[in-house]
Every structure is written in structure tokens, then in C-alpha cells.
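Enquirer: Just dropping this structure here.
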Amino acid sequence: MSDEYPGEGSRKRARIDDTADAKVAYTRGELWYDDGNIILFAEDGTGFRVYKGVLSRYSEVFRDMFSIPQPADAELWDGCPVVHLSDSSKSLHRVLCVLFTNDDVLGFKQGLPFETVAAMLQLGSKYHMQHLRRDAIQRLSSYFTTELHEFINDFVVSTPDDEQPPPNFPEGAIVGMNGCDALAVISLAQAYDVSCLLPSAFYIVAQLELPDILGGHIDQDGTNWSLSPADIQRCLQGQERLRRRGAKHILYYEDFSPSSECTERKSCKGLFALPRSFDTYAGKPSTTKQLDTLASIMKASFAESRVTKLGSGGRPENEWAFHRACAAGAAAGAFLFAAFLRGTDEVIGCVFFYPPGQGILSDEIQRAQGFDKYLNESLTEEERKAFIQFETDYAKVGAGRAQKDKAWSVNYLCVSEKYRNKGVARALLEKGDALARAQRSKVMFEAATDDTLKMYIHLGYTFIDTDPCEDMAFHVIVKDFTT
Numbered sequence: 159m160s161d162e163y164p165g166e167g168s169r170k171r172a173r174i175d176d177t178a179d180a181k182v183a184y185t186r187g188e189l190w191y192d193d194g195n196i197i198l199f200a201e202d203g204t205g206f207r208v209y210k211g212v213l214s215r216y217s218e219v220f221r222d223m224f225s226i227p228q229p230a231d232a233e234l235w236d237g238c239p240v241v242h243l244s245d246s247s248k249s250l251h252r253v254l255c256v257l258f259t260n261d262d263v264l265g266f267k268q269g270l271p272f273e274t275v276a277a278m279l280q281l282g283s284k285y286h287m288q289h290l291r292r293d294a295i296q297r298l299s300s301y302f303t304t305e306l307h308e309f310i311n312d313f314v315v316s317t318p319d320d321e322q323p324p325p326n327f328p329e330g331a332i333v334g335m336n337g338c339d340a341l342a343v344i345s346l347a348q349a350y351d352v353s354c355l356l357p358s359a360f361y362i363v364a365q366l367e368l369p370d371i372l373g374g375h376i377d378q379d380g381t382n383w384s385l386s387p388a389d390i391q392r393c394l395q396g397q398e399r400l401r402r403r404g405a406k407h408i409l410y411y412e413d414f415s416p417s418s419e420c421t422e423r424k425s426c427k428g429l430f431a432l433p434r435s436f437d438t439y440a441g442k443p444s445t446t447k448q449l450d451t452l453a454s455i456m457k458a459s460f461a462e463s464r465v466t467k468l469g470s471g472g473r474p475e476n477e478w479a480f481h482r483a484c485a486a487g488a489a490a491g492a493f494l495f496a497a498f499l500r501g502t503d504e505v506i507g508c509v510f511f512y513p514p515g516q517g518i519l520s521d522e523i524q525r526a527q528g529f530d531k532y533l534n535e536s537l538t539e540e541e542r543k544a545f546i547q548f549e550t551d552y553a554k555v556g557a558g559r560a561q562k563d564k565a566w567s568v569n570y571l572c573v574s575e576k577y578r579n580k581g582v583a584r585a586l587l588e589k590g591d592a593l594a595r596a597q598r599s600k601v602m603f604e605a606a607t608d609d610t611l612k613m614y615i616h617l618g619y620t621f622i623d624t625d626p627c628e629d630m631a632f633h634v635i636v637k638d639f640t641t
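Residues 159 to 641 (our numbering) are what the sequence shown spells out, left to right.
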């Protein structure tokens with residue numbers, strides 16, 4: 159990371175945004191000096207009349223641009239030269255106010271709203287206003303530190319009565335910031351080469367509620383800050399790991415009894431009586447052993463499935479290897495939610511959620527995890543052709559109904575027999591449903607048996623129709639989050 163940033167708007171002449179719409183109606187912004195000698199128009203046509211000299215002093219980009227002679231027919235408005243920018247009027251207004259009306263704000267002389275600091279980093283980087291970029295980085299770095307002891311000591315822990323999500327930020331450098339603003343910090347740090355902010359920003363986001371992580375955050379200026387699918391996955395993984403580690407600390411006390419001198423024995427007994435339940439974890443299992451366990455659960459759960467019969471060539475000795483290859487492939491291509499016994503690494507269930515347009519083993523990345531190798535080495539040519547034909551036919555099940563290609567899909571919901579009917583399957587599905595809910599999408603998939611259909615209906619899904627596939631019938635079911 160460097161305080162110096164090459165920016166996006168290097169050394170062009172008058173019209174920095176070549177795509178600006180000349181038909182946009184011009185309006186006069188709040189910052190307007192009648193004797194100003196340049197008007198900067200934001201993307202929505204809001205103009206700010208300011209001074210070339212000040213812009214040239216602080217920005218290499220504007221200095222170079224203003225040094226180029228303008229043609230005689232250059233655009234004027236209200237008798238003044240204009241420059242069209244691609245920035246929002248709110249961001250541009252915030253930065254110009256710092257430059258022209260707030261001489262004493264830089265250097266932490268007063269706190270600034272988070273939206274102003276974000277605009278300083280964005281436009282300071284873009285237009286080579288390095289003092290704004292430096293100030294913004296310093297403000298953000300005072301919260302999102304690189305040293306763990308600084309990060310811990312500088313924050314107030316939130317209580318259940320707090321209205322804002324944790325943590326509570328002091329307001330010396332940035333005013334009114336809350337935990338959801340860390341979503342914006344992740345995007346800003348990645349876009350403007352400030353990677354030192356990322357560890358603590360991800361840590362804060364991992365403590366947010368799931369709808370906030372998935373749905374993003376709209377700041378005071380109306381900017382919608384959202385994470386990429388890869389960053390969502392990182393946050394969900396971090397969240398579950400934090401919860402599991404926290405559970406280990408709690409479960410540590412299971413081996414103890416209340417002291418004979420304890421004055422709050424009822425409270426202590428309540429703690430010691432905490433059930434050893436399970437945690438759901440988002441992400442790829444971290445060990446070969448965990449994938450092996452998933453394969454065993456999948457094999458037991460789908461022992462009578464036609465898919466298992468075809469995938470194993472009808473030979474029991476192939477069944478585990480078939481499901482192991484499926485698990486590795488799905489873990490590489492889907493959102494995997496696995497259930498673990500609380501405080502342990504023992505896997506007791508899983509489900510794979512695929513985003514719209516994707517499916518199990520539908521791309522080369524998934525199949526390269528060992529699935530194609532399994533087909534080629536474990537099945538005869540005839541068996542391989544039969545399975546591939548089934549894959550092709552199965553992909554058409556439910557096609558066109560409820561816009562299946564635009565819906566999330568579910569594969570391999572399974573729970574170890576010992577832990578069935580204990581809420582594990584519901585918890586796993588709720589994790590995946592949250593992904594569709596955040597996107598206002600649908601979850602749509604197929605149930606191969608009447609009993610499975612009844613289970614999903616009990617869990618809130620709706621039956622649509624039954625589709626044939628070779629000599630089987632699949633029940634198409636959906637849960638709709640579009641409204």
C-alpha cells in the first residue's frame with residue numbers, strides 16, 4: 159500500500175468523462191463562487207463553480223488539464239468554462255467543501271463523516287490529490303489498524319442494548335461510523351490499494367448479522383456498498399470459525415462443577431447444562447478427513463438413490479469413491495454449509511447451494527477435483543455413457559418452470575443418521591435460503607422421493623410439479639424470496 163496512487167483520471171484535457179451525457183439538464187450546486195473561473199459538472203448535471211488555481215495547486219490531473227489551451231468553441235455555461243466529471247454530485251460536493259471551505263479539517267483537526275472520508279480516498283486517488291488520500295487513509299487506519307493490540311484496546315465493546323451494530327467507534331477521526339461501514343472499507347481498500355485496512359475490516363464484517371453481510375449497506379449518501387461473492391464467502395467462513403472458537407471457550411467449563419463457595423449456583427448450573435449442540439459452517443471443509451466424512455454421510459443418505467446406482471456402476475465398492483468425488487467437486491463450485499458438533503471438527507451434515515445458472519459438477523473446475531478421473535478409472539465405457547446421459551436428462555428437469563435458470567439450487571442435503579430430526583437439516587437450509595433472500599431470488603430444486611418431498615414441504619418449500627427423467631420422477635419444489 160502506498161499513499162501515492164496513480165489514479166484513474168490521468169492527464170487528459172477538458173472533458174475527463176468522455177461518456178458524459180450532453181443532454182443532462184444542468185443545475186447549480188450548493189458550492190458556487192460567482193467569481194469562480196471553472197465549473198465542474200458531476201454525473202447528474204450538478205455544477206460547482208470554483209477556482210482553477212486551487213484545483214491546480216492540489217491536483218496533478220487538473221493542473222495538467224488546465225495547462226492545455228482550450229479551443230475557441232469550448233463549452234461554456236453562464237459564461238464560464240466547464241469540465242464534465244463521472245463522479246456523483248454528493249461525493250464531488252464533499253471533496254470540494256474540504257478543499258474550499260474547511261481549511262482546518264485535515265490532520266485530524268476535526269472529525270469527518272464516513273462518507274466524506276470515503277470520497278476523499280476515491281477522488282483523492284483519482285485526481286492525484288495526495289493530501290486528501292493520505293488524510294483519508296490515516297483516518298481509516300486509526301480504526302482499522304494493523305496491530306491486534308491497538309485494534310482491541312481502541313474500541314468499546316457493544317452491549318445488547320446498543321442500537322448500532324458492534325463495534326462502537328470513537329469519533330475523533332470519523333463521525334457516526336458503525337460496523338456496517340466496514341463493508342464499504344473492504345471495497346475501498348481493494349479498489350484503492352489500501353490492503354492494510356482489510357484484516358480488521360473483514361473481522362468486523364464477520365461479526366455482522368447474515369442479512370447485512372449478504373445484502374450490503376447503503377450509506378448516508380445513498381451509495382450501496384456490497385461484497386463480491388468471494389468476499390461474502392470469506393466473511394461467512396470467518397464468522398463460523400469465530401463462533402466455533404467461542405463455543406470451545408464456553409464448552410471448556412463443561413468439565414467443571416460450580417464451586418461450593420459459588421453465590422450464584424443457579425446461573426452456574428445453567429451454564430454447565432448447555433447442550434453440546436452443533437454449528438453450521440460456511441465454506442469448504444479444511445481437511446481431507448472432513449471431505450471423507452462428508453462422503454460417508456452422503457453415501458449413507460443416498461444409498462438407494464438412482465444417482466448412486468448409476469454413479470457407482472451398480473457396484474457397492476464404488477459408492478464411497480463416487481460420493482467423495484462429488485463432494486470435492488461441489489465444495490469447489492458451490493456455497494457449502496456443513497454442520498459440525500459444537501466445539502469439534504466432527505462433520506454431521508452438509509448441503510450445497512448453487513447460485514443461479516450453475517449446478518453440481520457443471521463446470522471444469524468442479525469436475526477437475528477428481529470427478530472426471532473417477533468416471534474414467536472406475537466405470538466401464540457403457541456405464542460412463544449411461545451416467546453422462548442421465549446427467550444431461552436430469553439437467554432438463556424443471557427447466558423453464560419458475561425461471562429455474564435464475565434460481566438458487568440445492569444439492570446433497572444430508573445429515574448423519576445419529577443426528578437426524580434434531581434441527582440440523584433446517585439449520586443448513588436456512589443458511590442457504592439467506593443467500594437467495596438477500597438477492598430476492600428463488601430456491602428451486604428437485605426431490606426424488608415422496609418422503610423427501612414431504613420433508614421439504616414441512617420446511618417451508620412449495621411443490622410445483624413432477625417431471626420424469628428416464629424411469630424416475632422428480633418433484634420440483636421452490637421457495638420464493640422475490641417479493
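Glycine included, each C-beta is placed from N, C-alpha and C at the ideal position.
Roughly how many whole angstroms lie between the Cα atoms of L355 and E305?
Expert: Taking the straight line from one Cα to the other gives about 11 Å.
Enquirer: Quick check on the burial criterion: 16 or more other C-beta atoms within 10 angstroms. Buried or exposed for A583?
Expert: Classification of A583: buried, given that the 10 Å Cβ count is 16 or more.
Enquirer: Please state whether DSSP places V314 in a helix, a strand or coil.
Expert: Bear in mind that the predicted position of V314 carries a pLDDT of just 40, short of 50, making it too unreliable to give a figure here.
Enquirer: I need the boundaries of the alpha helix (DSSP H) containing V275, first residue and last residue.
Expert: Its alpha helix (DSSP H) spans residues 272-284.
Enquirer: Which same chain residues end up closer than 6 Å to F603 when comparing Cβ atoms and leaving out the 5 residues on each side of it in sequence?
Expert: Closer than 6 Å at the Cβ level, and outside the excluded window around F603, lie S567, V568.
Enquirer: Starting from C338 and walking both ways along the alpha helix (DSSP H), at which residues does that stretch end?
Expert: Run containing C338: none; DSSP gives neither H nor E here.
Enquirer: On the DSSP bridge list, what partners appear for H242?
Expert: H242 is bridged to F199.
Enquirer: Within 10 angstroms of the Cβ of R712, are there 16 or more other Cβ atoms? Answer buried if so, exposed if not.
Expert: Coverage of the chain is limited to positions 159 through 641, which leaves residue 712 absent and any answer about it impossible.
Enquirer: Can you grab the Cα-Cα spacing for the pair Y350 / L617, in whole Å?
Expert: Cα to Cα, Y350 sits roughly 44 Å from L617.
Enquirer: Let me confirm a value: R595 is counted as buried when at least 16 other C-beta atoms fall within 10 Å, else exposed. Which label applies?
Expert: Buried, because 16 or more other Cβ atoms sit within 10 Å of the Cβ of R595.
Enquirer: Tell me the rounded alpha-carbon separation between Q365 and E628.
Expert: Approximately 47 Å, taken between the alpha carbons.
Enquirer: By a C-beta neighbour count over all protein chains shown, 10 Å radius and 16 as the cutoff for buried, is P387 buried or exposed?
Expert: Per the 10 Å Cβ criterion, exposed.
Enquirer: Residues bridged to I332 by DSSP?
Expert: Paired residue(s): L270.
Enquirer: Helix, strand or coil for K554, going by three-state DSSP, please let me know.
Expert: Coil at K554, not helix or strand.
Enquirer: Taking the alpha-carbon positions, what's the A276 to L213 distance?
Expert: So the two alpha carbons sit approximately 19 Å from each other.
Enquirer: I think Y301 touches S217, with their Cβ atoms under 8 Å apart; what is that distance to the nearest whole Å?
Expert: At roughly 27 Å, the Cβ-Cβ gap does not stay under 8 Å, so Y301 and S217 are not in contact.
Enquirer: Are the Cβ atoms of F511 and G590 separated by less than 8 Å?
Expert: Yes, Cβ-Cβ distance for F511 and G590 is below 8 Å.
Enquirer: Is DSSP giving T466 helix, strand or coil here?
Expert: T466: helix per DSSP, three-state reduction.
Enquirer: Which residue from L519, L494, A232 puts its Cα closest to that of C508?
Expert: C508 has its Cα closest to that of L494, out of L519, L494, A232.
Enquirer: Excluding the five sequence neighbours on either side, which residues of its own chain have a C-beta within less than 7 Å of the C-beta of P514, listed in chain order?
Expert: So the list reads D563, K564, A565, W566, S599, once near-sequence residues are dropped.
Enquirer: Taking the alpha-carbon positions, what's the G282 to H289 distance?
Expert: Going by the C-alpha atoms only, they are around 8 Å apart.
Enquirer: With DSSP as the reference, label E604 as helix, strand or coil.
Expert: E604: strand per DSSP, three-state reduction.
Enquirer: Leaving aside the five residues before and after K554 along the sequence, list all residues of the same chain whose C-beta is less than 6 Å from its C-beta, in chain order.
Expert: None.
Enquirer: Look up C382 in the DSSP assignment and say whether it is helix, strand or coil.
Expert: Just to set this straight, residue 382 is Asn in the shown sequence, not Cys. Reduced to three states, the DSSP call for N382 is strand.
Enquirer: Please report how far the alpha carbon of I226 lies from the alpha carbon of H242, in whole angstroms.
Expert: Whole-angstrom Cα-Cα distance: 16 Å.
Enquirer: Rounded to the nearest angstrom, what separates I197 and C255 at their Cα positions?
Expert: Going from the Cα of I197 to the Cα of C255 covers about 14 Å.
Enquirer: When the distance is taken between beta carbons, is W478 closer than 8 Å to A114?
Expert: Absent from the structure is residue 114, since the part of the chain shown begins at 159 and ends at 641.
Enquirer: Suppose you measure from the CA of A488 to the CA of S459; what does that come to, to the nearest Å?
Expert: If you take the alpha carbons of A488 and S459, they lie about 17 Å apart.
Enquirer: Does DSSP classify D319 as helix, strand or coil?
Expert: Unreliable positioning characterises D319 in this predicted model, as indicated by a pLDDT of 46, which lies under 50. The coordinate reading is nonetheless provided below. Here D319 sits in coil by DSSP.
Enquirer: Counting Cβ pairs closer than 8 Å, one from the region 530-543 and one from the region 464-484, do we hit at least three?
Expert: Judged by Cβ distances under 8 Å, the region 530-543 makes contact with the region 464-484, as three or more pairs qualify.
Enquirer: Under the three-state reduction of DSSP, which class applies to P514: helix, strand or coil?
Expert: Residue state, collapsed to three classes: coil.
Enquirer: What are the boundary residues of the beta strand (DSSP E) that includes I295?
Expert: I295 -> not in any beta strand (DSSP E); alpha helix (DSSP H) instead, spanning 288-301.
Enquirer: Under a three-way DSSP split, which group does S542 fall into?
Expert: As written in the sequence, residue 542 is Arg, which differs from the Ser given in the question. Correct three-state label for R542: helix.
Enquirer: For the beta strand (DSSP E) holding N569, just list the boundary residues, first then last.
Expert: Segment 567-573, the beta strand (DSSP E) holding N569.
Enquirer: Run through DSSP, which three-state label would A485 get?
Expert: Three-state DSSP puts A485 in a helix.
Enquirer: Among residues of its own chain, excluding the 5 on either side of T204, which ones have a beta-carbon nearer than 7 Å to its beta-carbon?
Expert: These residues qualify, in order along the chain: T185, G187, S247.
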